[in-house]
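Below is one structure; the comments refer to it alone.
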Amino acid sequence: MKLILIRGLPGSGKSTKAQTYDALHVEADMYFVNDQGVYQFDPRRLQQAHEWCQNTVEKGLKQGLDVVVSNTFIKQWEMKAYRQLALKYKADLIIEVCREQFGSIHDIEPSVIKRMAKDWQE
Numbered sequence: 001m002k003l004i005l006i007r008g009l010p011g012s013g014k015s016t017k018a019q020t021y022d023a024l025h026v027e028a029d030m031y032f033v034n035d036q037g038v039y040q041f042d043p044r045r046l047q048q049a050h051e052w053c054q055n056t057v058e059k060g061l062k063q064g065l066d067v068v069v070s071n072t073f074i075k076q077w078e079m080k081a082y083r084q085l086a087l088k089y090k091a092d093l094i095i096e097v098c099r100e101q102f103g104s105i106h107d108i109e110p111s112v113i114k115r116m117a118k119d120w121q122e
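Just so you know, we're using the UniProt record's numbering here: the sequence shown kicks off at 1 and counts up by one.
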């Protein structure tokens, strides 16, 4: 069983890469997609989105599924809960970094992406 974390700046190809795996694909952005399939980001709900993401990952690992998570994971601490889940469920942890620049599908301001790049932790 594997837990694959795909990290990178917005528009770096994380979601596209995650979809190449035969695994449960989870990302915090999924929390913001409504019943009609429309993405409606609300920064006030970001913590809830990440909690939902972690809970969904745990459910998948509990079922013995391979799970791939594609989030920005700018800071190392943002992966901590997932590292703990990998240990708890004895999943092989794989961390991949996407460094391409395809442009954000969520219309994130270039200044925001630039700030995220400055804050990036290897």
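Here a beta-carbon is modelled for each residue, glycine too, at the ideal position from N, C-alpha and C.
Kindly indicate the opening and closing residues of the beta strand (DSSP E) around Ile94. 92-98
Next item on the list: Select from Ile108, Ile74, Glu96, Met79 the residue whose C-alpha is nearest the C-alpha of Ala117.
Entry: Ile74
| said: Which residues does DSSP list as the beta-bridge partners of His25? | reply: Val68
Span of the alpha helix (DSSP H) holding Arg83?
80-88
Using the rule of at least 16 other Cβ atoms within 10 Å of the residue's Cβ for burial, across every protein chain shown, is Thr20 buried or exposed? exposed
Reducing DSSP to helix, strand and coil, say where Ile4 ends up. strand
For this session: Look at Pro10 and Ile95 and say whether their C-beta atoms are less than 8 Å apart.
Result: no
Bridge partners of Val33, per DSSP? Tyr39
From the DSSP output, in three-state form, read off Glu51 for me. helix
Pull up the distance between the alpha-carbon of His50 and that of Met1, whole angstroms please. 22 Å
Same chain only: Cβ atoms within 7 Å of Trp120, ignoring 5 sequence neighbours per side | Ile74
- Item | Whole-angstrom distance between Lys59 and Gln48, CA atom to CA atom | 16 Å
query: With distances taken between CB atoms, is the gap from Leu24 to Asp66 smaller than 8 Å?
result: yes
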